[in-house]
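Residues in the sequence shown are numbered from 1 upward in steps of one, following UniProt numbering.
From the three backbone atoms N, C-alpha and C, an ideal C-beta is built for every residue, glycine too.
Taking it in order: structure first as structure tokens, then the write-up.
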Amino acid sequence: MSAANRGVIYMGAGHVEVQPIPFPELALGNRKCEHGVILKVITTNICGSDQHMVRGRTTAPSGMVLGHEITGEVVECGRDVEFIGVGDVVSVPFNIACGRCRNCKEGQTGICLNVNPARPGAAYGYVDMGGWVGGQTEYVMVPYADFNLLKFPDRDIAMDKIRDLTLLSDIFPTGFHGCATAGVGPGSTVYIAGAGPVGLAAAVSAQLLGAACVIVGDMNPQRLDQAKSFGCETLDLRQDTPMPDMLEPILGEREVDSAVDAVGFEARCHGHNHAHEQPATVLNACMDVTRAGGQIGIPGLYVTEDPGAESQEAQHGNLSMRLGQGWAKSHSFHTGQCPVMKYHRQLMQAILFDKVSIADAVNVEVISLDDAPRGYADFDGGVAKKFVIDPHGSVAA
Numbered sequence: 001m002s003a004a005n006r007g008v009i010y011m012g013a014g015h016v017e018v019q020p021i022p023f024p025e026l027a028l029g030n031r032k033c034e035h036g037v038i039l040k041v042i043t044t045n046i047c048g049s050d051q052h053m054v055r056g057r058t059t060a061p062s063g064m065v066l067g068h069e070i071t072g073e074v075v076e077c078g079r080d081v082e083f084i085g086v087g088d089v090v091s092v093p094f095n096i097a098c099g100r101c102r103n104c105k106e107g108q109t110g111i112c113l114n115v116n117p118a119r120p121g122a123a124y125g126y127v128d129m130g131g132w133v134g135g136q137t138e139y140v141m142v143p144y145a146d147f148n149l150l151k152f153p154d155r156d157i158a159m160d161k162i163r164d165l166t167l168l169s170d171i172f173p174t175g176f177h178g179c180a181t182a183g184v185g186p187g188s189t190v191y192i193a194g195a196g197p198v199g200l201a202a203a204v205s206a207q208l209l210g211a212a213c214v215i216v217g218d219m220n221p222q223r224l225d226q227a228k229s230f231g232c233e234t235l236d237l238r239q240d241t242p243m244p245d246m247l248e249p250i251l252g253e254r255e256v257d258s259a260v261d262a263v264g265f266e267a268r269c270h271g272h273n274h275a276h277e278q279p280a281t282v283l284n285a286c287m288d289v290t291r292a293g294g295q296i297g298i299p300g301l302y303v304t305e306d307p308g309a310e311s312q313e314a315q316h317g318n319l320s321m322r323l324g325q326g327w328a329k330s331h332s333f334h335t336g337q338c339p340v341m342k343y344h345r346q347l348m349q350a351i352l353f354d355k356v357s358i359a360d361a362v363n364v365e366v367i368s369l370d371d372a373p374r375g376y377a378d379f380d381g382g383v384a385k386k387f388v389i390d391p392h393g394s395v396a397a
């Protein structure tokens, strides 16, 4: 089939536009992609990592079609697709994975060896991630469909819960991965750095994992209020009070069992210098407040090249991290992309059986494709919302 198609295009720092783009084909370069499908996009979300590009903090080229958080309906299948059919409603992991390489067979789908000639790992619509067309569009092509796609069991139920299920493509598994790799479990005390959508997803994931106390730190009062809305304790990091002193009245002690960095490389200082950028601040703070022998999950994005960084070292991904502190406390660190397929089926079940209300936790707002530039601007302005684009008006108000 073929039809008109539009997408959100990165035009340069601080500028995105919705423009006509080619309708996707079942093709990889000059050869047919018989293992792929074409989706009519039902929802596609604006991610904080998209904002890194739009702020001009990466080497993303102008003209890139953005978007890696995709949920859609299959409208065309390649000849070799066996278990996914036209009409299926599916969640698309943001990681593109072949299912054939050593890493995929080990479950490390975030670092597939066959989908990006430049480095392990690929994603839709993201700089240095293989050049794949993004999914903030009306239609998109997905390769290796049988391996990658998560089919929702019932279309009507899926559409009823689409505001939650749309978050399975990235931020819910990513937040859960941050907690899982930080060793969060029943009775844990957890510090979550950052109250953006991934931080809030990590906080609700910690609750799902049985944490006794979840503490979220940020400098944005609106986002801290959102964390409080579902039972989290909060730290206002605009204060000059040392973080251990802020933890003590909450926990009765000055350290937590586990910490999650949901901020990444655009981190800022705490206290009166909170407007000043210091890329290693969160990593160092996590080491300060995590108990000896504790674990630190790092789903927040760190890049190899940051042309907008204040220091020359940080422009090349070199950060002033106090690794000696972590070594002395026998911390373990887990970095890298979340392997979405490790978690998305289980988290889907938690949504379908009403064990978690992830859309409420991250404060989803559904917008039209034409409203995407406004969504980017509002997100960058610090609103406590997760913007979900509905290209075809499929989502009930």
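Quiz item: For the alpha helix (DSSP H) that I358 lies in, which residues bound it at each end?
Solution: Your numbering for residue 358 matches position 358 in the sequence shown. Taken as a continuous stretch (DSSP letters only), the alpha helix (DSSP H) holding I358 covers 358 to 362.
Exercise. State buried or exposed for R119, treating a residue as buried only when at least 16 other CB atoms are found within 10 Å of its CB.
Key: The residue given as residue 119 occupies position 119 in the sequence shown. Flag for R119 reads exposed.
Quiz prompt | the stretch 252 to 261 in contact with the stretch 182 to 190 per 3-pair CB rule at 8 Å | solution = The stretch 252 to 261 vs the stretch 182 to 190: in contact.
Self-check item: Cα-Cα separation between I84 and G48, rounded to whole angstroms
Solution: Position 84 of the sequence shown holds residue 84. Position 48 of the sequence shown holds residue 48. The straight-line gap from Cα to Cα measures roughly 30 Å.
Quiz item: Can you list, in chain order, the residues of its chain whose CB lies under 8 Å from that of residue 402, leaving out five sequence neighbours each side?
Solution: As shown, the chain starts at 1 and ends at 397. That puts residue 402 outside it, with no answer to give.
Quiz item: In terms of residues, what are the limits of the alpha helix (DSSP H) holding Y376?
Solution: Counted from its first residue, the sequence shown places residue 376 at position 376. First-last of the alpha helix (DSSP H) with Y376: 372 to 380.
Quiz item: If we call anything under 8 Å between Cβ atoms a contact, is P279 one with L319?
Solution: Here the question's residue 279 lines up with position 279 in the sequence shown. Here the question's residue 319 lines up with position 319 in the sequence shown. Against a cut-off of 8 Å, the Cβ pair of L319 and P279 comes out as a contact.
Quiz item: Whose CA, out of V340, Q295, F265, lies closest to the CA of A314?
Solution: Translated into positions along the sequence shown, residue 314 becomes position 314. Of the residues V340, Q295, F265, the one whose Cα lies closest to the Cα of A314 is F265.
Quiz item: Residue ranges of each alpha helix (DSSP H) run of no fewer than 4 residues wholly in the stretch 74 to 160, ordered along the chain?
Solution: 102 to 105, 145 to 148, 155 to 160
Practice problem: Determine the direct distance from the alpha carbon of I70 to that of L150, and round the result to whole angstroms. | Solution: As a working note, residue 150 is residue 150 in the sequence shown. As a working note, residue 70 is residue 70 in the sequence shown. Those two C-alpha atoms are separated by around 11 Å.
Self-check item: Any 3 or more C-beta pairs closer than 8 Å across the stretch 188 to 202 and the stretch 278 to 292
Solution: yes
Exercise. Mind the definition here: the stretch 1 to 13 touches the stretch 22 to 42 only if three or more C-beta pairs lie below 8 Å; say whether that holds.
Key: yes
Quiz prompt | alpha helix (DSSP H) segment containing A314, residue limits | solution = Here residue 314 is taken as the residue at index 314 of the sequence shown, counted from 1. A314 -> alpha helix (DSSP H) spans 312 to 315.
Quiz item: Got a sec, what are the start and stop residues for the beta strand (DSSP E) P242 sits in?
Solution: Sequence index remark: in the sequence shown, residue 242 carries index 242 (1-based). Premise fails: P242 is in no beta strand (DSSP E) and is neither H nor E.
Self-check item: Euclidean distance between Cα positions of G107 and C338
Solution: Looking up residue 107 in the sequence shown gives position 107. Looking up residue 338 in the sequence shown gives position 338. So the two alpha carbons sit approximately 11 Å from each other.
Quiz item: From what residue to what residue does the alpha helix (DSSP H) around P173 run?
Solution: Here the question's residue 173 lines up with position 173 in the sequence shown. That run of the alpha helix (DSSP H) goes 171 to 181.
Quiz prompt | C-beta contact flag for G78 and C33 at 8 Å | solution = Numbered from 1 along the sequence shown, position 78 holds the residue referred to as residue 78. Numbered from 1 along the sequence shown, position 33 holds the residue referred to as residue 33. By the CB criterion at 8 Å, G78 and C33 fall inside the cutoff.
Practice problem: Determine contact between the stretch 89 to 102 and the stretch 52 to 66, defined as no fewer than three beta-carbon pairs at a distance below 8 Å. | Solution: no
Quiz item: Per DSSP, which one or two residues make a beta bridge with Q325?
Solution: Residue 325 sits at position 325 when you count from the first residue of the sequence shown. BP columns for Q325 are empty, so no partner.
Quiz item: Since A361 contacts F147 with CB under 8 Å, what's their CB separation in whole angstroms?
Solution: One-based indexing of the sequence shown puts residue 361 at position 361. One-based indexing of the sequence shown puts residue 147 at position 147. About 29 Å separates the two Cβ atoms, so there is no contact after all.
Quiz item: For the beta strand (DSSP E) that contains T43, what are its first and last residues?
Solution: The sequence position of residue 43 within the sequence shown is 43, counting from 1. T43 -> beta strand (DSSP E) spans 37 to 45.
Quiz item: On the three-state DSSP scale, how would you describe D164?
Solution: The residue labelled residue 164 in the question sits at position 164 within the sequence shown. The three-state reading of DSSP puts D164 in helix, counting H, G and I together.
Quiz item: Helix, strand or coil: how does DSSP classify H15 here?
Solution: Position 15 of the sequence shown, counted from the first residue, corresponds to residue 15. H15: strand per DSSP, three-state reduction.
Practice problem: Using only alpha-carbon positions, find the residue among D371, V383, E76 that is nearest to I389. | Solution: Indexing the sequence shown from 1 puts residue 389 at position 389. Closest by alpha carbon: D371.
Quiz prompt | alpha helix (DSSP H) segment containing S49, residue limits | solution = Reading the sequence shown from its first residue, position 49 is the one you call residue 49. Note, S49: alpha helix (DSSP H), 48 to 54.
Exercise. Inspect the beta-carbon positions of L66 and V127 and report whether they are closer than 8 Å.
Key: Residue mapping note: residue 66 aligns to position 66 of the sequence shown, counting from 1. Residue mapping note: residue 127 aligns to position 127 of the sequence shown, counting from 1. Contact: no.
Quiz item: Among G134, A275, F176, which residue has its Cα nearest to the Cα of R345?
Solution: As a working mapping, residue 345 is identified with position 345 in the sequence shown. Nearest option by C-alpha distance: F176.
Quiz item: Taking C-beta to C-beta, are V115 and A122 nearer than 8 Å?
Solution: Your numbering for residue 115 matches position 115 in the sequence shown. Your numbering for residue 122 matches position 122 in the sequence shown. In this structure, V115 places its C-beta atom within 8 Å of the C-beta atom of A122.
Quiz item: Counting along the chain, where does the beta strand (DSSP E) carrying H334 start and finish?
Solution: Start at 1 with the first residue of the sequence shown, and residue 334 comes out as number 334. Following the DSSP letters along the chain, one finds H334 inside the beta strand (DSSP E) bounded by residues 332 to 334.
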